[in-house]
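Asks:
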Amino acid sequence: MGLFDKKYCDICGEKIGLLGNRKLENGNLCKNCAKKLSPWFSDRRSSTVEEIKQQLAYREENQQKVAAFHTTRTLGTNTKVLLGQKSRGSQPRCSGLCRRDRLQS
Ligand SMILES: [Zn+2]
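Numbering-wise, our numbering comes out as the position in the sequence shown, counting from 1, plus 115.
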């Protein structure tokens, strides 16, 4: 109860230590998951669990794309068009920060 309630991360399900909780609009986030978020991400407190999940999924997908891009590039295939189509189809509904992410990579 009260102060000593154990919190669990709504993203990965890990137990959150007393000082490790990062509050979200409608849930909790552990330190590890917070680290995975975009360094430009500043409105975490007003973000929902759903938005955080989307951002993490997006970032993960992006990393895979970058990896795939480098691999294919060494083979001499033009993946640029493919990448463009893909990201347009799976555009997450998050505010502003995803767009910045995309520009960056
Ligand atoms: Zn977590």
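Cβ coordinates follow ideal geometry from the N, Cα and C atoms, glycine included.
Because the structure is a prediction, the values reported are computed rather than measured.
1) When you compare the CB positions of residue 164 and residue 136, do they come within less than 7 Å of one another, or not?
2) Where DSSP assigns a beta bridge to residue 142, which residues make up the other side?
3) Suppose you measure from the CA of residue 169 to the CA of residue 178; what does that come to, to the nearest Å?
4) With a threshold of 6 Å, establish whether the CB of residue 147 neighbours any heavy atom of ligand 1.
5) Cβ of residue 167 within 6 Å of any heavy atom in ligand 1?
6) By DSSP's criteria, residue 122 is part of a beta bridge. Which residues make up the other side?
7) How long is the line joining the alpha carbons of residue 174 and residue 183, rounded to whole angstroms?
8) Residue 129: beta carbon under 6 Å from a heavy atom of ligand 1?
9) Measuring straight from C-alpha to C-alpha, what distance separates residue 181 and residue 134?
Replies: In brief:
1) no
2) 139
3) C-alpha separation (whole angstroms): 14 Å.
4) yes
5) no
6) 131
7) 14 Å
8) It does: the Cβ of residue 129 is within 6 Å (strictly closer) of some heavy atom of ligand 1.
9) About 34 Å.
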